[in-house]
Amino acid sequence: MFNKQLSFLDGILAKNSAHTFCKIILNCAVTLLSEYHRSLRLIRVFNGVILVKNHQRSERYVCKKSTNLQFNVMTKEKYPHLLAPLDLGFTTLKNRVLMGSMHTGLEEGDPKILAAYFAERARGQVGLIVTGGISPNHAGVVKPMAAQLKKKSQIAHHKIVTDAVHKEGGKICMQILHAGRYAYVPYCVSPSSSKSPISMFKAWKLPNFMINWTINDYANSAHLAQQAGYDGIEIMGSEGYLINQFIATRTNKRTDKWGGSYENRIRFALEIVRKTRAKVGKNFIIIFRLSMLDLVEDGSTWDEVVQLAKSLEEAGVTILNTGIGWHEARVPTISTRVPRAAFAWVTEKMKGEVSIPLIATNRINMPDVAEDILATGKADMVSMARPFLADPEIVLKAMEGREDEINTCIACNQACLDHVFDQKKVSCLVNPRAGHETVLNYLSTNNKKKIAVVGAGPAGLSASTVAASRGHEVTLFDASHEIGGQFNMAKQVPGKEEFYETIRYFKRQIELTGVNLQLNTKVNAEDLIGKFDEVILATGIQPRVIKLEGEDHPKALTYIEVLRDKKPVGLKVAIIGAGGIGFDVAEYLSHEGLAPSVDIPTYMSEWGVDMNLKNRSGLMKPKVHPSSREIYLLQRKKKKVGGGLGKTTGFGHRASLKKKKVQMLNGISYQKIDDQGLHVTIDDKAQILDVDHVIICAGQLPLKTLQAPLQAAGVNVHLIGGADVASELDAKRAIKQGAYLAAEI
283 MFNKQLSFLD GILAKNSAHT FCKIILNCAV TLLSEYHRSL RLIRVFNGVI
333 LVKNHQRSER YVCKKSTNLQ FNVMTKEKYP HLLAPLDLGF TTLKNRVLMG
383 SMHTGLEEGD PKILAAYFAE RARGQVGLIV TGGISPNHAG VVKPMAAQLK
433 KKSQIAHHKI VTDAVHKEGG KICMQILHAG RYAYVPYCVS PSSSKSPISM
483 FKAWKLPNFM INWTINDYAN SAHLAQQAGY DGIEIMGSEG YLINQFIATR
533 TNKRTDKWGG SYENRIRFAL EIVRKTRAKV GKNFIIIFRL SMLDLVEDGS
583 TWDEVVQLAK SLEEAGVTIL NTGIGWHEAR VPTISTRVPR AAFAWVTEKM
633 KGEVSIPLIA TNRINMPDVA EDILATGKAD MVSMARPFLA DPEIVLKAME
683 GREDEINTCI ACNQACLDHV FDQKKVSCLV NPRAGHETVL NYLSTNNKKK
733 IAVVGAGPAG LSASTVAASR GHEVTLFDAS HEIGGQFNMA KQVPGKEEFY
783 ETIRYFKRQI ELTGVNLQLN TKVNAEDLIG KFDEVILATG IQPRVIKLEG
833 EDHPKALTYI EVLRDKKPVG LKVAIIGAGG IGFDVAEYLS HEGLAPSVDI
883 PTYMSEWGVD MNLKNRSGLM KPKVHPSSRE IYLLQRKKKK VGGGLGKTTG
933 FGHRASLKKK KVQMLNGISY QKIDDQGLHV TIDDKAQILD VDHVIICAGQ
983 LPLKTLQAPL QAAGVNVHLI GGADVASELD AKRAIKQGAY LAAEI
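Just so we're aligned: 716 in our numbering is position 434 of the sequence shown, and the numbers increase by one with no gaps anywhere.
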C-alpha cells in the first residue's frame, strides 16, 4: 500500500457544466472517497486536475482552491511479480504484461479506428502491445488487400497508431508476419510446394532469389516500423506461418542450403533476425515468437527448439515469446475447453536455456493466473491477447484492487477468431465495444428515464447495466432466483466453466451501476404499464416443440429438463439435434469425474500432448476414456454433424465426443418415441435405437408474450436476445443487442 497525495477543491469544482458527483467528492470522507474511486474509476490526479473515467466516459475537473487529502490505493502488494517493471537495458516495460498479437480486421481500415482501439488498451496500463500481423511484402499477406509495411509512404498510417499509444504512456511493437502457405491468395509461397488444410490454394515453392528478397523484406519492414514510431517488432516464427514452415520437415522438403539438416532449416529464421538487428540497431525491441510445441507430425524436437532459441538469442533477439501449435494442429490450444495457463509448463522448460526474457502464453485470462506463472518462475512475462478484447482495463483493475470488476475472457472465440476466419472485424462476445471504440460509447444521458428490463440473461444484463451506467433509473426483473439466464446451464458443461465469470462480472456491474434487481419476480403487463418510460424484453426463449409421435412419452426430455432441472438420464441416450445445444448436452452427459478443462495433466493426456517432451512435436498417443453412457448425437441434415459450429472450436467439439465414443449420425428421419426407444430412418432403413431417454435439442422459439399487451397500451417496447431472434442461444448477439440499445436510449 502507498499513500498518494491528491489535490482537491475545498469549495468549488469548476467544469463546463455542473455535475452532481462533483459535490459528493468534495464533501466525502477518506473512506467514502475510496469507494467512489472504485466506482468512478479515478485514473489520474495531478497539478490540480482530476481525470475521472466512468464506464468509457472521461471527464476533466479543474481545482480552483485546493486542500490535500490522502487515501490508500492498492498497488503491487497482491501482484508483485505481475506489476514489476522489466528492464531490457535500453528501455523499461512498466509491468510484465504483453498484449499479444491479434488480427482484428482494423489493420486495413481507417488508422484512427485502430489507434482508438490500441490507445484504450494503453490507457489500461498494459506493459507492451503487439499489433496484428503486418506482412513485409505482397506475397506474405494473409488475405487479399491485407496490411503490409514495405514502403515509406505507408509510415504515416502507422504513425497515427503509435502516436496514440505513446500519448497514453504505452509501448507498442509491430508484428511482422509472412503467412506462407496459410495465405488465402493464389500466389502464396512456402519452402516447398504444398497445400495447407486451412487455405484453398496450393503454395508455390520459393526460389532461392526470393528467399533472399524475403529476408531483406523483413529487415526493411522492421526499419520502416522503427521510423513509424514503434518501440519494437515481433517476428512471427510460430503457429505454422512461413518461418515455421522453413523450420519443420513437414513443409520443408528442400535439399539446398535452406533445407535438409536442422542447421539449414533454421537458417532462414536466423538470417531474418541478424539482418533485422543490423538494420534497426541495438536499442530496439525484437521479439521472436518461437514455436516451442508444434503439435503436428514432423515438427521439431525439444532439443531442436532449444538449439534455435539459443541461436536466436545470439542473433540479437530481445525477448522470446512462446508459440504453441500450428493452426492445423488437432489439439485445441486456446479454446474454452483448454485449462487456464495450460501451456505455461512449456515456457518453464525453456527457463535456464537462454538468458533473455521468456513470455508464457495461451489461456492466461486473469491477474491471479498470470501472477502465479511469474511467481513460480515459469516465465518472465505473460501474454494476454483476447483478455484485452474482453476488458482493456484488466491491468489497471489489478493495480487498483478491482479484480472483481474485470470482464473475463471466456475463450469462446465466437466474436474474435471465428470472425477472423469469416473475414469479419473482430469484437468480443462479452464486450461488444472491442474493435468499435469510436462508435459504441456509453455516454451520460441528458434525458434520464425509468427503464424496465425483463429477463436477467445475457441480453438483459447487458442492457440494464449499460443503461444504468449512463444515468438511467433501471429495474431488472427475473422470475429466477439468480441472474444469468441460460448461461447457468452452459456453465455446467465441461469446458464451459468460464461462463461463471461472465455471471460474476454482471453481478458486480449491477452493484456498481445501481440497477434495481428484482429476482423471484414474474411480471405481467399490468406491472409495467404506466410505470416506466421504456420496457426492454429480454425474456429469452422456449424450446421448440417438434411434431413427433411420442413426444410426451416418459423417455422424452428437453435439454432444459436435463441441464436446469437435473432430471435423471439413463445410460443409453439419443440426442435429437446436433447444433450447439446438442453438442453441449452430449459433452455434459459423456464426462465423468474431473473435467479436462480444469486439470492440465488430464487435458494433455486426453489430447495426446507429451508433457515430458520426449516425442517430436510434443505429440503422443492420446489416452481415451470412453463414456460409460451409450450416446447417439443425431442430425436431420446430411451435412457434417455440427457443421454450423464455430470454425475454431467445431473440430474440438467433434473430436472430444469421438474420444468419448459418442456416435454422431446425420441424415436422420425421426418417426416416433415409445417403450422400445427412438424409431428412426437412416439411409432409407428403419431402425430402433434402444435408448433409455431421448433428449430433444431441436431449436427454440422467442418467448415474448408481454410484447403484444404492452404495445397495445402504448408502451415503448424493445425486444433483444432470444426474445427477438431465437437462434442457437446466441449470447454474442444478445449482449451486443443489449449494449447498443442501452447506448441509444
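Glycine included, every Cβ here is placed at the ideal spot set by N, Cα and C.
- A direct Cα-to-Cα measurement between S472 and L524 gives close to 6 Å.
- Comparing C-alpha distances from M482 to each of I765, Y466, I493, N494 shows the shortest one belongs to Y466.
- Under DSSP, Q969 forms a beta bridge with V962.
- Within the model, the alpha-carbon separation for E675 versus Y724 is close to 16 Å.
- Residue state for S746 is assigned as helix, using DSSP reduced to three classes.
- Partner residues in the beta bridge of P825, as assigned by DSSP, are Q982.
- Taking the CA atoms as reference points, N770 sits about 8 Å from F781.
- Taking the CA atoms as reference points, A626 sits about 21 Å from L375.
- Beta-bridge partners assigned by DSSP to S573: G605.
- Inclusion of D881 and P621 in the CB contact set at 8 Å is warranted, their separation being smaller than that value.
- For K942 and S872, the gap between their C-alpha atoms comes out near 6 Å.
- Counting along the chain, K631 sits inside the alpha helix (DSSP H) bounded by residues 626-632.
- Each of H835, G371, K829, A772 was checked against the Cα of G959, and the nearest Cα belongs to H835.
- Of the candidates F550, K919, I692, I692 places its Cα closest to the Cα of A1013.
- Boundaries of the beta strand (DSSP E) around L839: 838-840.
- Among the bridge pairs identified by DSSP, A438 is matched with none.
- Bridge partners of T374 according to DSSP: D369.
- Around the Cβ of A667, a 10 Å sphere holds 16 or more other Cβ atoms; the residue is buried.
- Taking C-beta separations shorter than 8 Å and ignoring five residues to either side along the sequence, the partners of P776 in its chain run R619, E869, Y870, H873, A877, P878, S879, following chain order.
- F528 has its alpha-carbon roughly 41 Å from the corresponding atom of E783.
- Contact annotation, A611 with V587: C-beta distance approximately 15 Å; criterion of less than 8 Å not satisfied.
- With distances taken between CA atoms, K921 lies nearest to N948 out of N948, V712, G928, L971.
- For E390, no pairing in a beta bridge is given by DSSP.
- The C-beta separation of F570 from I517 comes to about 5 Å, placing the pair in contact by the 8 Å criterion.
- Per DSSP, reduced to three states, the secondary structure at L699 is helical.
- Residues of the same chain with a CB within less than 8 Å of the CB of Y399, apart from the 5 flanking positions on each side, are T386, L388, A716, G717, E719 in chain order.
- Where T558 is concerned, there is no enclosing beta strand (DSSP E), although the alpha helix (DSSP H) around it starts and stops at 549-562.
- The beta-carbon distance between R405 and E450, rounded to whole angstroms, is 4 Å. This is short enough to meet the 8 Å contact definition.
- With a cut-off of 8 Å on Cβ pairs, the region 537-556 is not in contact with the region 403-417, counting fewer than three such pairs.
- Rounded to the nearest whole angstrom, the CA to CA distance from N695 to I1017 is 15 Å.
- DSSP, reduced to helix, strand and coil, places S383 outside both helices and strands of the structure shown, so it counts as coil.
- Between G924 and G934, the C-beta spacing is not below 8 Å.
- Taking 8 Å as the cut-off, the beta carbon of G391 is found no closer than this to the beta carbon of D445.
- Residues M381, R403 of the same chain have their beta carbon placed closer than 6 Å to that of F670, with the five preceding and five following residues left out of the count.
- For the pair V447 and A401, the CB atoms are nearer than the 8 Å cut-off.
- Counting of Cβ neighbours within 10 angstroms places L410 among the buried residues, the total reaching 16 or more.
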